[in-house]
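Line by line, the protein sequences give chains A and B. Following this note's numbering, the numbering of the first sequence begins with 4 at its first residue and continues without gaps. Following this note's numbering, the numbering of the second sequence begins with 4 at its first residue and continues without gaps. The beta-carbon is built from N, C-alpha and C at its ideal position, and this holds for glycine as well. Before any comments, here is the structure.
There are 2 protein chains.
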Amino acid sequence: MAATPALLACDWGTTNLRAWTLDADGAVLVDRDFPLGVSKLAPGEAARRFEAEVRPAMQGEGLPAVMCGMIGSNLGWVEIPYLDCPAAAGDLGAAMAQPAPGVRIAPGLRCPGLAAAPDVMRGEEVQVFGWLAADAARRTGRQVVCHPGTHAKWILIEDGRIVRFVTAMTGELFAVLRRHSILRSDADPDDPDAFDEGVVAAGDGGALAARLFTARARVVGQGAPAESTPAYLSGVLIGAETASLPELLGLADETPIALLGDPGLTRWYARALTTRGREVSEHDGEAAAIAGLSALAGLEGVR
Amino acid sequence: MAATPALLACDWGTTNLRAWTLDADGAVLVDRDFPLGVSKLAPGEAARRFEAEVRPAMQGEGLPAVMCGMIGSNLGWVEIPYLDCPAAAGDLGAAMAQPAPGVRIAPGLRCPGLAAAPDVMRGEEVQVFGWLAADAARRTGRQVVCHPGTHAKWILIEDGRIVRFVTAMTGELFAVLRRHSILRSDADPDDPDAFDEGVVAAGDGGALAARLFTARARVVGQGAPAESTPAYLSGVLIGAETASLPELLGLADETPIALLGDPGLTRWYARALTTRGREVSEHDGEAAAIAGLSALAGLEGVR
Numbered sequence: 004m005a006a007t008p009a010l011l012a013c014d015w016g017t018t019n020l021r022a023w024t025l026d027a028d029g030a031v032l033v034d035r036d037f038p039l040g041v042s043k044l045a046p047g048e049a050a051r052r053f054e055a056e057v058r059p060a061m062q063g064e065g066l067p068a069v070m071c072g073m074i075g076s077n078l079g080w081v082e083i084p085y086l087d088c089p090a091a092a093g094d095l096g097a098a099m100a101q102p103a104p105g106v107r108i109a110p111g112l113r114c115p116g117l118a119a120a121p122d123v124m125r126g127e128e129v130q131v132f133g134w135l136a137a138d139a140a141r142r143t144g145r146q147v148v149c150h151p152g153t154h155a156k157w158i159l160i161e162d163g164r165i166v167r168f169v170t171a172m173t174g175e176l177f178a179v180l181r182r183h184s185i186l187r188s189d190a191d192p193d194d195p196d197a198f199d200e201g202v203v204a205a206g207d208g209g210a211l212a213a214r215l216f217t218a219r220a221r222v223v224g225q226g227a228p229a230e231s232t233p234a235y236l237s238g239v240l241i242g243a244e245t246a247s248l249p250e251l252l253g254l255a256d257e258t259p260i261a262l263l264g265d266p267g268l269t270r271w272y273a274r275a276l277t278t279r280g281r282e283v284s285e286h287d288g289e290a291a292a293i294a295g296l297s298a299l300a301g302l303e304g305v306r
Numbered sequence: 004m005a006a007t008p009a010l011l012a013c014d015w016g017t018t019n020l021r022a023w024t025l026d027a028d029g030a031v032l033v034d035r036d037f038p039l040g041v042s043k044l045a046p047g048e049a050a051r052r053f054e055a056e057v058r059p060a061m062q063g064e065g066l067p068a069v070m071c072g073m074i075g076s077n078l079g080w081v082e083i084p085y086l087d088c089p090a091a092a093g094d095l096g097a098a099m100a101q102p103a104p105g106v107r108i109a110p111g112l113r114c115p116g117l118a119a120a121p122d123v124m125r126g127e128e129v130q131v132f133g134w135l136a137a138d139a140a141r142r143t144g145r146q147v148v149c150h151p152g153t154h155a156k157w158i159l160i161e162d163g164r165i166v167r168f169v170t171a172m173t174g175e176l177f178a179v180l181r182r183h184s185i186l187r188s189d190a191d192p193d194d195p196d197a198f199d200e201g202v203v204a205a206g207d208g209g210a211l212a213a214r215l216f217t218a219r220a221r222v223v224g225q226g227a228p229a230e231s232t233p234a235y236l237s238g239v240l241i242g243a244e245t246a247s248l249p250e251l252l253g254l255a256d257e258t259p260i261a262l263l264g265d266p267g268l269t270r271w272y273a274r275a276l277t278t279r280g281r282e283v284s285e286h287d288g289e290a291a292a293i294a295g296l297s298a299l300a301g302l303e304g305v306r
């Protein structure tokens with residue numbers, strides 16, 4: 004009876020809710036996205052929409068549910084205080100809140116930030132713990148994970164505990180510049196040559212406001228095709244991030260970097276980091292989220 | 004007869020046309036802005052609107068007109084090729100185009116850029132030459148001018164010639180982040196304490212995408228008032244530019260920097276640079292534009 008539903012696992016973020024119905028071995032039985040990100044919910048609405056829309060669609064009536072992401076913020080179902088780093092998977096599990104019978108939500112993590120304020124995340128930490136759980140070799144010594152996205156996270160792990168992370172709003176810079184600036188364009192950013200050109204133009208990652216202007220200058224002053232601007236812009240931004248964040252975190256040149264997240268994004272980070280001589284590996288964020296939520300739920304078939 | 008009009012001087016940019024009617028001594032008789040920036044003009048429309056709207060409003064019928072800015076671009080009255088650096092005021096004067104009787108337009112400048120493409124400017128160079136003309140001591144040796152704005156220019160001058168410049172799109176980053184990102188806010192950015200906090204958070208100017216995220220973290224994680232975000236954001240961006248551009252240009256710590264432009268902007272640059280121990284001076288861009296255009300026109304009363 005491997006196909007018996009055992010858990011409803013949810014990565015419930017700002018713009019989207021991603022849900023999986025899992026059996027006791029962590030295998031996916033149902034897999035769906037819902038346009039119910041917390042930014043689209045009215046106050047107090049999360050519980051009702053989950054019970055009325057998500058459970059039925061996921062064939063998850065009566066199942067225990069485990070969630071992570073912004074659903075644990077003040078915009079979500081219930082606000083769960085951030086857990087301070089260093090934090091291991093077990094700490095996260097012990098700090099889960101239960102806002103309704105059978106529903107548990109993991110807290111996010113907090114650590115000292117670049118300025119006086121702390122840095123924070125909600126959701127990526129569960130993917131990291133899922134990724135750590137998938138290979139015993141990752142659970143001792145030091146690991147560096149980069150999780151690209153709207154707000155990319157660079158995460159330092161020591162012996163299975165997240166000790167520090169830094170957020171870079173690279174994805175958001177790309178989105179606003181591509182839509183609203185002099186660099187705006189609807190063209191497809193999937194252009195490896197223009198991307199590589201941008202990575203080179205990013206230099207050491209400093210003086211970003213000046214590096215970005217080269218995206219304009221190459222079109223106006225050098226006749227580069229305007230439709231290559233999004234790919235070039237992506238190259239400058241990811242190039243700058245991948246040059247400056249490892250330095251900011253004090254990583255040695257030979258430290259391997261695990262890229263965890265959407266394969267459509269990790270491949271560009273891998274490309275930029277490889278150009279810089281970095282050793283990288285790519286790991287699917289969805290598989291890691293499922294593994295992390297399964298572990299938090301204590302599914303028997305999942306360690 | 005000091006009040007006899009002698010010249011119609013125009014700084015005709017992307018969003019705006021600023022015009023001055025001057026007497027033979029370069030004194031301002033009429034002073035007006037027109038919402039006729041080249042981005043708002045239909046192709047071929049510049050000449051007609053200038054003659055039909057600007058001349059009458061400026062009491063400038065029959066006067067010689069001298070112009071600078073984007074009016075000399077492919078969006079303007081006539082496209083005038085960029086002049087390559089190094090370039091002195093006399094070179095600019097000799098390269099002016101005359102698209103209609105009595106109307107002369109100065110070219111912009113071009114120099115090798117940060118990436119393969121050249122960097123370019125149209126308009127700021129006339130302010131720089133006006134600023135140089137105002138003081139004999141500026142016309143020998145090295146000068147460094149920073150012209151803040153949507154696309155800030157850092158300009159190196161040797162013996163009265165512009166030898167190199169770099170553009171940083173700091174003002175545009177501020178505008179798009181303030182309007183369209185998670186940092187959006189309509190609050191007044193005139194908050195010196197929050198600005199200073201942002202300058203400190205900018206650090207050495209590297210890893211800007213990560214420094215910018217501190218603007219979010221201080222509100223979410225530390226309870227800073229959301230209405231201080233624009234000033235803090237301005238501090239991070241101007242702090243990063245003023246930290247990294249002098250380094251990019253290889254300026255020694257003791258090199259004085261002349262800030263030339265809108266006094267409402269130069270004061271924030273002065274604040275950030277002074278925080279970093281830089282020696283700065285502030286100079287009004289409008290006076291410099293008038294002086295530069297007067298000199299290009301060869302007004303007798305102006306050297």
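7 Å Cβ cut-off: residues of chain A touching residue i
i: B:S297; result: Residues of chain A passing the Cβ test: none, with the nearest at roughly 29 Å.
Alpha-carbon to alpha-carbon, residue j and residue i
i: A:R229; j: A:L251; result: The amino acid at residue 229 of chain A is misidentified as Arg; the sequence shows Ala. Answer to the nearest angstrom: the Cα atoms are 33 Å apart.
i: B:G226; j: A:A155; result: 22 Å
i: B:L44; j: B:P249; result: 37 Å
i: B:T232; j: B:S188; result: 7 Å
i: B:W271; j: B:D287; result: 14 Å
i: A:E257; j: A:A60; result: 47 Å
i: A:D36; j: A:W15; result: 10 Å
i: A:A140; j: A:E48; result: 42 Å
i: A:E244; j: A:A119; result: 21 Å
i: B:D26; j: B:A6; result: 6 Å
i: A:M73; j: A:G79; result: 6 Å
i: A:D194; j: B:P151; result: 33 Å
i: A:I165; j: A:C88; result: 6 Å
i: B:L276; j: B:T18; result: 28 Å
i: A:W134; j: A:L86; result: 19 Å
i: A:I293; j: A:T170; result: 23 Å
Contacts that residue i makes with chain B (C-beta to C-beta distance below 7 Å)
i: A:V179; result: V179, L180, H183, S184
i: A:V166; result: The premise fails here: A:V166 is roughly 17 Å from chain B at the closest Cβ pair, so nothing lies under 7 Å.
i: A:S247; result: G209, A210
i: A:L176; result: A212
i: A:V169; result: A213
Residue-level contact to chain B via CB, residue i, 8 Å cutoff
i: A:T173; result: yes
i: A:G40; result: no
i: A:G224; result: yes
i: A:H286; result: no
Status (buried if at least 16 other CB within 10 Å, exposed otherwise) for residue i
i: B:D138; result: exposed
i: A:G280; result: exposed
i: A:Q146; result: buried
i: A:M4; result: Caution applies to A:M4, whose pLDDT of 47 falls short of 50 and renders its modelled position unreliable; the value that the coordinates give is listed next. Under this definition A:M4 is an exposed residue.
i: A:A9; result: buried
i: B:Q130; result: buried
i: A:R182; result: exposed
i: A:E127; result: buried
i: B:V123; result: buried
i: B:G111; result: buried
i: A:T143; result: exposed
i: A:R51; result: exposed
Under 9 Å by beta carbon: chain B residues contacting residue i
i: A:T278; result: What A:T278 touches in chain B: nothing, since even the nearest Cβ is about 15 Å away.
i: A:L251; result: G206, G209, A210, A213
i: A:A243; result: G209, A210, L211, A212
CB contact below 8 Å: residue i versus chain E
i: B:L240; result: Included in the structure are the protein chains A and B, with no chain E among them.
Partners in chain B for residue i, counting only beta-carbon separations shorter than 8 Å
i: A:V123; result: A220, V223, G224
Proximity test, residue i beta-carbon vs the ligand NAP heavy atom, cut-off 7 Å
i: B:R142; result: The ligand NAP is absent from the structure shown, which contains no ligands of any kind.
Short CB-CB distance (under 8 Å) between residue i and chain A
i: B:I119; result: Note on identity: in this sequence residue 119 of chain B is Ala, with Ile being the wrong assignment. Taking Cβ atoms only, chain A reaches closer than 8 Å to B:A119, which makes this a yes.
i: B:R113; result: yes
i: B:G116; result: yes
i: B:H154; result: yes
Residues of the stretch 199 to 217 of chain B with Cβ closer than 8 Å to any Cβ of chain A, in chain order: E200, V203, A204, G206, D207, G208, G209, A210, L211, A212, A213, R214, L215, F216, T217
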